[in-house]
Amino acid sequence: MTYSMKLFAAALAAVGTLAAAPVARAEAPVAKKELKVGFVPGPYIDEFRVGVEPWLTKRGYTVKYYNFSAGLEANNAVFKDEIDANVMQHTVYLNAYNDRNKTDLAGIVHVPTPPMGLYSRAYKAAADVKAGATVAVPSDPVNLERALKILRDLGWIELKSNGNPVDVTELDVIKNPRGVKIVPLEAAQAPRALDDVELAAVQGNFAIFSGLKLSEALALEKMTTPYINVVAIRKGNVDTAWARDIAAAYKSDDFKAAIRADRFYDGFRLPDYFD
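Heads up, the sequence shown stops at 279 in my numbering, and the numbers go up one at a time, no gaps.
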């Protein structure tokens with residue numbers, strides 16, 4: 005065999021070896037097993053620890069908790085991928101945040117939520133409240149609407165129809181026969197305001213965090229589904245396995261049993277999956 009023929013044969017052998025070698029497969033993406041979840045003051049972190057984290061732990065997840073003083077901070081952290089999810093807001097607030105900030109957060113599951121209530125240290129019953137009483141209400145429009153509806157349902161004021169809760173102001177009060185003095189303030193300050201005003205409309209999470217009991221409220225809001233809080237994540241993560249698992253953990257029999265067994269959650273508005 006000539007030298008050139010030997011080279012040709014060697015080349016053929018090399019090609020055959022390459023053809024016979026197994027093709028390297030692209031590695032599958034590593035499943036996400038650490039979840040970073042944010043909360044603001046209130047009962048939602050306890051709900052998660054008691055009923056959600058154990059379910060996730062059994063499936064190989066670890067959970068890191070992050071505490072924020074305000075909802076805007078918690079939402080910004082999700083949008084910037086600093087955390088995976090937060091639990092602290094209802095859908096109306098979430099939609100308003102997205103519209104205002106051009107963000108893409110989405111709710112994936114409702115969670116047990118305490119209703120907003122009207123509290124007082126000066127009165128024991130709504131029927132005892134005198135005309136001209138001062139009422140502190142949340143200053144943000146979305147939760148201001150909820151507070152004004154409590155006053156409306158008590159018959160103290162009348163509201164004009166407003167289809168967009170983010171546009172609600174005190175000017176939407178068209179009749180005030182009881183002469184109620186409405187004082188807007190930052191929602192988290194409402195429990196402390198009870199030392200200075202006769203009544204305060206307090207969001208459920210801030211009421212619970214400050215030690216107020218739902219049973220002590222002079223009146224509770226008639227909470228509808230859009231105002232039940234949700235787990236919020238980036239919209240692009242909605243179909244991920246970890247997001248589906250968080251939703252499944254809330255809907256699990258273990259979670260529902262944990263909530264139903266604790267009298268602390270009496271009076272909370274429970275999501276439809278509890279039915």
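Where is the CB? At the ideal position from N, CA and C, for every residue including glycine. For clarity, every value in this text was computed on a predicted model and none was experimentally measured.
Residue span of the beta strand (DSSP E) that contains residue i, given as start and end
i	result
residue 66	66-71
residue 110	109-114
residue 38	38-43
Three-state secondary structure assigned by DSSP to residue i
i	result
residue 127	coil
residue 93	strand
residue 223	strand
residue 162	strand
residue 213	helix
residue 278	helix
residue 138	strand
residue 28	Low confidence applies to residue 28: its pLDDT is 43, below 50, so where it sits in the model is not reliable enough to give any reading.
residue 182	coil
residue 98	helix
residue 4	The shown model of the chain, from 5 to 279, leaves out residue 4, and the question about it has no answer.
residue 253	helix
residue 170	helix
residue 204	strand
residue 117	strand
residue 133	coil
residue 242	coil
C-beta atoms of residue i and residue j nearer than 8 Å
i	j	result
residue 108	residue 102	yes
residue 96	residue 231	yes
residue 127	residue 222	yes
residue 115	residue 234	yes
residue 202	residue 186	no
residue 273	residue 142	no
residue 156	residue 163	yes
residue 130	residue 158	yes
residue 60	residue 54	no
residue 224	residue 121	yes
residue 183	residue 140	no
Residue i classed as buried or exposed, judged by whether at least 16 other C-beta atoms fall within 10 angstroms
i	result
residue 117	buried
residue 89	buried
residue 220	exposed
residue 57	buried
residue 275	buried
residue 25	Low confidence applies here, because residue 25 scores a pLDDT of 42, under 50, leaving its location unreliable; read the following figure in that light. That one is exposed.
residue 168	exposed
residue 242	exposed
residue 38	exposed
residue 190	exposed
residue 245	exposed
residue 145	buried
residue 265	exposed
residue 76	exposed
Endpoints, the alpha helix (DSSP H) within which residue i is located
i	result
residue 280	One cannot answer for residue 280 here, as it falls past the ends of the chain, which runs 5 to 279.
residue 75	75-83
residue 152	145-157
residue 194	194-197
residue 60	57-62
residue 51	48-51
Short CB-CB distance (under 8 Å) between residue i and chain B
i	result
residue 96	Among the protein chains of the structure shown there is no chain B, as only one such chain exists.
ask   = Does the region 47-66 touch the region 76-84, meaning 3 or more C-beta pairs lie closer than 8 Å?
value = no
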